[in-house]
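Colleague: Each residue of the sequence shown is one higher than the one before, counting from 5 in the working numbering.
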Amino acid sequence: MKFVIVGAGALGTIMAGHLARAGQDVTLVARGKRAAFLKENNITLTGLVDFNIPCTIVENVGKIKTADVLIIAVKTYDMEGVLADVGHLDVHSVLSVQNGVLKNEQLAVVFGKEKVLGAAAFFSGELMLDGAVSFTLNSRFCIGEWPQGTSQRVDDIVSVVADAGINCEAVPKIQSIEWSKFTGWVGMMAPAVLTRVETYKFLSHVQTATICARMMREVAALAHALGIPLEDTLPLPVKTIAAGSEQRAVETLLQLGALMKKNAPAHRVSTLQDLISGKRLEVEETLGYVMKKTAEKGVSVPSVDTCYRLISVIDHTISRQLANP
């Protein structure tokens with residue numbers, strides 16, 4: 005099975021490293037200094053694992069013609085440019101591990117809906133200053149036919165990825181899983197950026213846990229308006245958070261904070277990692293997407309609205325600094 009992974013950030017590197025170590029045919033598409041570093045130093049993973057492994061690194065995706073499995077692991081704001089670069093590929097299956105829920109529709113436009121698989125990554129890591137990636141969380145990697153169903157191709161991919169060391173599973177209702185993850189991610193992304201602390205810290209404080217709960221419940225209301233059922237997915241039971249009282253939702257998040265302090269104290273939401281690194285933030289494709297859809301459906305999301313406006317200013321400032329260094 006030939007894997008092509010586009011994007012050499014934390015998730016792309018974690019997947020490529022595990023697949024390469026397992027002896028799979030994997031090509032990692034990277035750019036600039038990151039590509040040069042990986043070519044010279046190989047892939048280094050630390051944290052939950054500790055190994056260094058060579059991998060085929062390609063800068064020009066135009067040199068690649070085919071892929072059994074194409075995995076998109078770039079930031080959401082880079083999606084349009086990447087799709088323009090990879091549209092020539094003859095692929096059997098394509099999936100994205102990006103944040104947000106817009107990704108599958110974008111992939112379907114380029115490759116056709118029949119080739120698109122849904123995916124939700126509940127594993128994470130952080131690209132360190134020395135070029136290594138710290139693998140901080142290996143909870144679940146869910147894959148399924150989009151918007152629902154499973155198949156032999158899904159089972160085959162899941163088997164390979166799981167054997168490589170990433171906790172991967174086939175799920176029949178992937179759209180629900182993707183929206184469940186998105187609901188939880190939105191609720192944690194804003195407090196992470198605004199407080200700039202590790203995940204367990206803002207989940208362990210009643211004030212920020214309350215903001216998380218309110219945002220998750222608002223996005224859950226949007227999912228309900230769209231007819232998409234949510235599920236309790238480890239590590240975040242968003243269905244329970246949305247269904248009960250706000251007090252119970254906050255208590256659930258405080259319990260998660262204690263669990264993460266014990267098991268993943270170094271975990272930081274990817275958008276916070278980007279902020280610390282001086283990179284653009286995934287605002288419009290995530291919080292902005294929620295604002296657009298809730299306006300269409302008439303759903304009130306005051307907490308998301310406030311955080312969207314605040315983080316948009318932060319992102320605008322970063323974008324201006326990058327444009328005028």
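Yeah, the Cβ is synthetic: ideal placement off N, Cα and C, and Gly gets one too.
Can you check which of these residues, F126, V95 and S307, is closest to R218 by C-alpha distance?
Modeller: Reading the sequence shown from its first residue, position 214 is the one you call residue 218. Of the listed residues, the one whose Cα sits closest to R218 is S307.
Colleague: So does the segment 65 to 77 actually touch the segment 14 to 22, counting three or more Cβ pairs closer than 8 Å?
Modeller: Because the criterion of three Cβ pairs below 8 Å is met, the segment 65 to 77 and the segment 14 to 22 touch.
Colleague: Would you kindly work out how many angstroms separate the C-alpha atoms of G66 and V120, rounded to a whole number?
Modeller: Within the sequence shown, residue 66 is the residue found at index 62, counting from 1. Within the sequence shown, residue 120 is the residue found at index 116, counting from 1. Taking the straight line joining both Cα atoms gives about 21 Å.
Colleague: Looking only at its own chain, which residues have a Cβ that is under 6 Å from the Cβ of R38, when we skip the five neighbours before and after it?
Modeller: Residue numbering aside, residue 38 sits at position 34 when the sequence shown is read from its first letter. Taken in chain order, the residues that qualify are A12.
Colleague: Taking the alpha-carbon of Y81 as reference, which of V287, V165 and L133 has the nearest alpha-carbon?
Modeller: Within the sequence shown, numbered from 1, the residue matching residue 81 stands at position 77. Looking at the Cα atoms, V287 is the closest of the given residues.
Colleague: Compare the Cα-Cα distances from Q211 to each of A253, T275, V105 and K43 and report the closest residue.
Modeller: Reading the sequence shown from its first residue, position 207 is the one you call residue 211. Minimum Cα distance to Q211 is reached at A253.
Colleague: Closer than 8 Å by C-beta to T214: which residues in its own chain qualify, once you throw out the five before and the five after it? Chain order, please.
Modeller: As a working note, residue 214 is residue 210 in the sequence shown. Excluding sequence neighbours, T214 sits near E250 and V254.
Colleague: Does DSSP put T154 in a helix, a strand or coil?
Modeller: Within the sequence shown, numbered from 1, the residue matching residue 154 stands at position 150. DSSP places T154 in coil when its eight states are reduced to three.
Colleague: Once you ignore the five residues that flank S143 on each side, which residues in its own chain have a CB closer than 7 Å to its CB?
Modeller: Position 139 of the sequence shown holds residue 143. Correct list, in chain order: F126, F127, N171, L238 and P239.
Colleague: Mind checking which residues open and close the beta strand (DSSP E) that includes L93?
Modeller: Numbered from its first residue, the sequence shown carries residue 93 at position 89. Where L93 is concerned, there is no enclosing beta strand (DSSP E), given that its DSSP letter is neither H nor E.
Colleague: Just checking my contact of T298 with L226 at CB under 8 Å: how many whole Å lie between their CB atoms?
Modeller: Residue 298 sits at position 294 when you count from the first residue of the sequence shown. Residue 226 sits at position 222 when you count from the first residue of the sequence shown. Between L226 and T298 the Cβ distance is about 5 Å, and since that is below 8 Å, they are a contact.
Colleague: Is T60 helix, strand or coil by DSSP?
Modeller: Stepping through the sequence shown from its first residue, residue 60 is reached at position 56. Strand.
Colleague: In terms of residues, what are the limits of the beta strand (DSSP E) holding D72?
Modeller: Position 68 of the sequence shown holds residue 72. Residues T70 to I76.
Colleague: What three-state label does DSSP hand V254 in the structure shown?
Modeller: As a position in the sequence shown, residue 254 is number 250, starting the count at 1. Correct three-state label for V254: helix.
Colleague: Are L141 and A24 touching if we call contact CB-CB under 8 Å?
Modeller: Locating residue 141 in the sequence shown gives position 137, where the first residue counts as 1. Locating residue 24 in the sequence shown gives position 20, where the first residue counts as 1. Not closer than 8 Å, so no.
Colleague: Excluding the 5 residues flanking E222 on each side, which residues of the same chain have their C-beta closer than 7 Å to its C-beta?
Modeller: Position 218 of the sequence shown, counted from the first residue, corresponds to residue 222. If we look at E222 and ignore the five residues flanking it on each side, its Cβ neighbours are V305, S307 and V308.
Colleague: Please list the segments of the alpha helix (DSSP H) lying wholly inside the segment 5 to 58, counting only runs of 4 or more residues, in order along the chain.
Modeller: The segment 5 to 58 contains these whole alpha helix (DSSP H) runs: 14 to 25 and 36 to 45.
Colleague: Straight-line CA distance for Q259 to A14?
Modeller: The count along the sequence shown starts at 1 and reaches residue 259 at position 255. The count along the sequence shown starts at 1 and reaches residue 14 at position 10. Each residue's Cα considered, the two are about 27 Å apart.
Colleague: Please state whether DSSP places N142 in a helix, a strand or coil.
Modeller: Here residue 142 is taken as the residue at index 138 of the sequence shown, counted from 1. Of the three classes helix, strand and coil, the one that applies to N142 here is strand, per DSSP.
Colleague: Q110 to I315, Cα distance in whole Å?
Modeller: Translated into the one-based positions of the sequence shown, residue 110 becomes position 106. Translated into the one-based positions of the sequence shown, residue 315 becomes position 311. Roughly 24 Å between the two C-alpha positions.
Colleague: Whose CA, out of D236, G122, L133 and L87, lies closest to the CA of G115?
Modeller: Numbered from its first residue, the sequence shown carries residue 115 at position 111. One detail in the question is off: residue 115 reads as Phe in this sequence, not Gly. Comparing Cα positions, the closest option is L87.
Colleague: Determine the direct distance from the alpha carbon of V242 to that of Q28, and round the result to whole angstroms.
Modeller: Indexing the sequence shown from 1 puts residue 28 at position 24. Indexing the sequence shown from 1 puts residue 242 at position 238. If I take the Cα positions, the gap works out to 35 Å.
Colleague: Suppose you measure from the CA of S100 to the CA of W150; what does that come to, to the nearest Å?
Modeller: Along the sequence shown, read from residue 1 onward, the residue named residue 100 stands at position 96. Along the sequence shown, read from residue 1 onward, the residue named residue 150 stands at position 146. Cα to Cα, the separation comes out at about 12 Å.
Colleague: Just grab the DSSP bridge partners of T237 for me.
Modeller: The count along the sequence shown starts at 1 and reaches residue 237 at position 233. L240.
Colleague: Please confirm whether V164 and I147 have their CB atoms less than 8 Å apart.
Modeller: As a working mapping, residue 164 is identified with position 160 in the sequence shown. As a working mapping, residue 147 is identified with position 143 in the sequence shown. No, the Cβ-Cβ distance between V164 and I147 is not below 8 Å.
Colleague: Helix, strand or coil, according to DSSP, for I315 in the structure here?
Modeller: Here residue 315 refers to the residue found at position 311 when the sequence shown is read from its first residue. In the structure shown, I315 sits in a helix (DSSP, three-state: H, G or I).
Colleague: Between the alpha carbons of I47 and D167, how many angstroms are there, rounded?
Modeller: Locating residue 47 in the sequence shown gives position 43, where the first residue counts as 1. Locating residue 167 in the sequence shown gives position 163, where the first residue counts as 1. Approximately 19 Å between the Cα atoms of the pair.
Colleague: Which residues in the same chain have their Cβ closer than 6 Å to the Cβ of G51, if we skip the five residues on either side of it in sequence?
Modeller: Taking the sequence shown and counting its residues from 1, one reaches residue 51 at position 47. For G51, where only same-chain residues beyond five positions count, the Cβ hits under 6 Å are S138, F139 and T140.
Colleague: Per DSSP, I147 forms a beta bridge with which residues?
Modeller: The residue given as residue 147 occupies position 143 in the sequence shown. Partner(s): A123 and A174.
Colleague: Among A71, L257, V113 and K185, which residue has its Cα nearest to the Cα of D94?
Modeller: Taking the first residue of the sequence shown as position 1, residue 94 is located at position 90. Closest option to D94, Cα to Cα, is A71.
Colleague: Report the CB separation of T60 from V30 in whole angstroms; it is logged as a contact under 8 Å.
Modeller: By one-based count along the sequence shown, residue 60 stands at place 56. By one-based count along the sequence shown, residue 30 stands at place 26. Their Cβ separation, rounded to whole angstroms, is 7 Å, which keeps T60 and V30 in contact under 8 Å.
Colleague: According to DSSP, simplified to helix, strand and coil, what is V210?
Modeller: Within the sequence shown, the letter at position 206 stands for residue 210. Helix.
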